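Protein chains: 2
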Amino acid sequence: MTDLLTIGELSVRSGVAPSALRYYERLGLIRADRTGGNQRRYARAELRRVAFIRISQQVGVSLDEIRAALESLPGGRTPSPQDWERLSASWRGRLDERIRLLTKLRDDLDGCIGCGCLSLQRCTLNNPEDALAGEGPGARLMLPRPASPEDE
Amino acid sequence: MTDLLTIGELSVRSGVAPSALRYYERLGLIRADRTGGNQRRYARAELRRVAFIRISQQVGVSLDEIRAALESLPGGRTPSPQDWERLSASWRGRLDERIRLLTKLRDDLDGCIGCGCLSLQRCTLNNPEDALAGEGPGARLMLPRPASPEDE
DNA sequence: CTGTGACTTGAAGTGCACTTGAACTCAAGG
DNA sequence: CCTTGAGTTCAAGTGCACTTCAAGTCACAG
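Chains as they are written, first to last, in UniProt numbering: chain A, 1 to 152; chain B, 1 to 152.
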């Protein structure tokens, strides 16, 4: 029971496929020591990093932004609880915003269903002023830019 | 002021790029008549369809599912208000679920920040039982399957 | 020492939702 | 009639987050 994990072990414990872990390493999100035979060995702290990565993805943050956040850690490679708190808190706003927009969408949808204006003309639903645009996770999650109606 | 729209007009009114409209047509999401010169002319009803498509995407529904939903319309090609209501309502559950999961994530994140257990070991945050998995919009929005911790 | 399963690499492939480019035609105003 | 901007097609490219593949190496139990 050494305190270094193989890629297989890290994969099982983190729930992330080995291929994804290698991918994260290529992107500079995690790091690994190597054995004499060139195999990866992960410090346990990497488990925390992987957890942070997955949680951040759930919030809708891209890997590139996560990388930037992790790189912002002062000096030391192993994030302290304070680092963790700061990073987690920094996504909080994003999360709030996403929840807010989805909730607004739901309310608008309800309003539309209720009011019968389902042709979506002058309905708030079709009102582009702020509609989950930008900041989508993954590739293009939400919408590049929403609709701007006029007539119909 | 004919009641048929060119692709440029539909693009401006819907906020969707012409290339995207052609793409939607290829996928069978919208349809267009053609002029003698082979140019697309859209009935105004297509504006509603495009609006529905964009809204559905915001809810996190893939184009393929949207296509299936639109195909489910009984007979007539122009969706009635009732159709609209039914379709909109059918996404409602997805929307609720997404909001629920994001809210749970936020609460967990708060809990983590508050309780200081930021190493994310036995924290709910890292609890995979239900974590925005599946059903992501776009490509792979949320997560294929989340983490399953154990030690650290 | 050998077999087996876990590991290594780089390159290529996947899925979604589009966008871009090249080469061309159409529609409408002057 | 001619120019110009808007339209057409098909093929290929983009971005993200990975996965898959082929060909080979490593670690360890027996």
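Every residue gets a Cβ at the ideal spot worked out from N, C-alpha and C, and that includes glycine. Note that the structure is a prediction, hence the values are computed from the model and not measured.
Could you pull the start and end residues of the alpha helix (DSSP H) that residue i belongs to?
| i | result |
| --- | --- |
| A/Arg-67 | 63-71 |
| A/Leu-21 | 18-26 |
Which partner residues of residue i appear in the DSSP bridge assignment?
| i | result |
| --- | --- |
| A/Tyr-42 | A/Leu-5 |
Where does residue i sit, in a helix, a strand or coil, going by DSSP?
| i | result |
| --- | --- |
| A/Arg-34 | strand |
| A/Leu-47 | helix |
| A/Leu-10 | helix |
| A/Leu-29 | coil |
| B/Gly-15 | coil |
| B/Gly-60 | coil |
| A/Ser-90 | helix |
| B/Gly-116 | Here the model assigns B/Gly-116 a pLDDT of 45, short of 50, so the residue's position is not dependable, and the following value carries that caveat. Of the three classes helix, strand and coil, the one that applies to B/Gly-116 here is coil, per DSSP. |
Can you grab the Cα-Cα spacing for the pair residue i / residue j, in whole Å?
| i | j | result |
| --- | --- | --- |
| A/Asp-3 | A/Ser-56 | 26 angstroms |
| B/Arg-13 | B/Leu-47 | 8 angstroms |
| B/Ala-29 | A/Ile-30 | Reading off the sequence shown, one finds Leu at residue 29 of chain B, where the question assumed Ala. In a straight line, the C-alpha of B/Leu-29 is about 42 angstroms away from that of A/Ile-30. |
| B/Tyr-24 | A/Gln-39 | 47 angstroms |
| B/Ser-88 | B/Leu-101 | 20 angstroms |
| B/Leu-95 | B/Gly-36 | 43 angstroms |
| B/Ala-32 | A/Arg-26 | 46 angstroms |
| B/Glu-97 | A/Leu-5 | 36 angstroms |
| B/Trp-91 | B/Val-59 | 7 angstroms |
| A/Ile-53 | B/Arg-44 | 45 angstroms |
| B/Ser-80 | A/Leu-63 | 42 angstroms |
| A/Ala-17 | B/Asp-110 | 28 angstroms |
| B/Arg-106 | B/Tyr-42 | 43 angstroms |
| B/Leu-10 | B/Ile-66 | 19 angstroms |
| B/Asp-108 | A/Thr-103 | 19 angstroms |
| B/Gly-15 | B/Arg-22 | 14 angstroms |
| B/Val-50 | A/Ser-72 | 42 angstroms |
| A/Glu-135 | A/Ser-19 | The predicted position of A/Glu-135 is uncertain, since its pLDDT is 31 and thus under 50; a value taken from the coordinates is nonetheless stated next. Taking the straight line joining both Cα atoms gives about 26 angstroms. |
| B/Glu-85 | A/Gln-82 | 48 angstroms |
| B/Gly-93 | B/Ala-68 | 17 angstroms |
| A/Leu-70 | B/Val-61 | 31 angstroms |
Any heavy atom of the ligand SAM closer than 7 angstroms to the beta-carbon of residue i?
| i | result |
| --- | --- |
| B/Lys-104 | Within the structure as shown, the ligand SAM is missing, as the structure has no ligands at all. |
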